[in-house]
Amino acid sequence: MPRHEPGPSAASLSNPFHASLAMRHVYLRTLQTPSVARAQQEAYGRARVIPPEDGAPQPMGAEEAAFIAARDSFYVASVGETGWPYVQHRGGPKGFLRLTGLSTLVFPDYAGNRQLISAGNVASAGRVSLFLMDYPARERLKVLGTCRVMPVVEAPAFDLLPGEPKPERVFVVEVLGYDWNCPKYITPRYTAEEVEEAMRPLQERIAELEAKLAEKGP
398 MPRHEPGPSA ASLSNPFHAS LAMRHVYLRT LQTPSVARAQ QEAYGRARVI PPEDGAPQPM
458 GAEEAAFIAA RDSFYVASVG ETGWPYVQHR GGPKGFLRLT GLSTLVFPDY AGNRQLISAG
518 NVASAGRVSL FLMDYPARER LKVLGTCRVM PVVEAPAFDL LPGEPKPERV FVVEVLGYDW
578 NCPKYITPRY TAEEVEEAMR PLQERIAELE AKLAEKGP
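Position 146 of the sequence shown, counted from 1, bears residue number 543 in our numbering, the numbering being contiguous throughout.
The structure is reproduced here in structure tokens:
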């Protein structure tokens, strides 16, 4: 028998958990093509059945907003006229990926190698997929959305962060759906800042012990 996932009722969609579940269903339903269903059927004997759409698209919740605000990098995928996918790493200060309104993501396009592949793909297809990673916590947020590129002055609620370089243009993503992944196969990785923070108590303790030894003398 096909596996059914419980869908939220229209009355319960105001609950953050159910809103997240509804967006997850949109995400999965968008990617559940006939070829994907056949692959599932061949591998597992059945294809996943996603609940039908229930209610209006839901906004991103507080958990997603906090996760997005803490990111200093993410990956964005797009497809060009040739059908070939392109994945690009985007980096900046924490908060450079901005959640504005209920479900609109805005991120800057800083000066780079002038290839403008993502910008060109977006102009052609208008769709992107984002992967946001928290390696220490082994968490991953996946986002699908329609996208457009626009001048900075026309971008919604875009103010530069302290020390942030001025972008040449901005990408605006209207979130269609999103999903969280399990931590399996995500290798924890730590930034220099995170390592320094973890080492600080040890370094302070070492300095304290060295001071006590110095007081006692040789």
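Every residue, glycine too, gets a C-beta built ideally from N, C-alpha and C.
Note that the structure is a prediction, hence the values are computed from the model and not measured.
{"Query": "With three or more beta-carbon pairs closer than 8 Å as the criterion, would you say the segment 504-523 touches the segment 563-583?", "Result": "yes"}
{"Query": "Can the beta-carbon of Val433 be found closer than 9 Å to that of Ala444?", "Result": "yes"}
{"Query": "Kindly identify the DSSP beta-bridge partner or partners of Thr543.", "Result": "Arg524 and Glu571"}
{"Query": "Between Pro448 and Pro598, what straight-line distance do the alpha-carbon atoms span, to the nearest angstrom?", "Result": "50 Å"}
{"Query": "Per the DSSP calculation, Thr497 is bridged to which residue(s)?", "Result": "Thr501"}
{"Query": "How long is the line joining the alpha carbons of Phe504 and Gln429, rounded to whole angstroms?", "Result": "28 Å"}
{"Query": "Thinking Val476 and Ala520 are a contact (beta carbons under 8 Å), I'd like their distance in whole angstroms, please.", "Result": "So it is not a contact: roughly 12 Å between Cβ atoms."}
{"Query": "Using DSSP with H/G/I as helix, E/B as strand and the rest coil, what is Val446?", "Result": "strand"}
{"Query": "Tell me where the alpha helix (DSSP H) around Arg602 begins and ends.", "Result": "Ala589 to Lys613"}
{"Query": "May I have the straight-line CA-CA distance separating Leu573 from Val540, to the nearest angstrom?", "Result": "8 Å"}
{"Query": "Can you tell me whether DSSP reads Gly489 as helix, strand or coil?", "Result": "coil"}
{"Query": "Closer than 8 Å by C-beta to Tyr483: which residues in its own chain qualify, once you throw out the five before and the five after it? Chain order, please.", "Result": "Ala474, Ser475, Val476, Gly477, Ile514, Ser515 and Asn518"}
{"Query": "Is the segment 544-561 in contact with the segment 593-612, if contact means three or more CB pairs nearer than 8 Å?", "Result": "no"}
{"Query": "Could you spell out where the alpha helix (DSSP H) holding Ala459 opens and where it closes?", "Result": "Ala459 to Ala466"}
{"Query": "What residues match up with Val473 in a beta bridge as DSSP calls it?", "Result": "Gln485 and Leu527"}
{"Query": "Smallest Cα separation from Leu502: which of Glu450, Arg545, Thr479 and Pro585?", "Result": "Arg545"}
{"Query": "Note down the Cα distance separating Thr584 from Gly480, rounded to an integer number of angstroms.", "Result": "31 Å"}
{"Query": "Based on DSSP bridge pairs, tell me the residues matched to Arg586.", "Result": "Paired residue(s): none; Arg586 is not in a bridge."}
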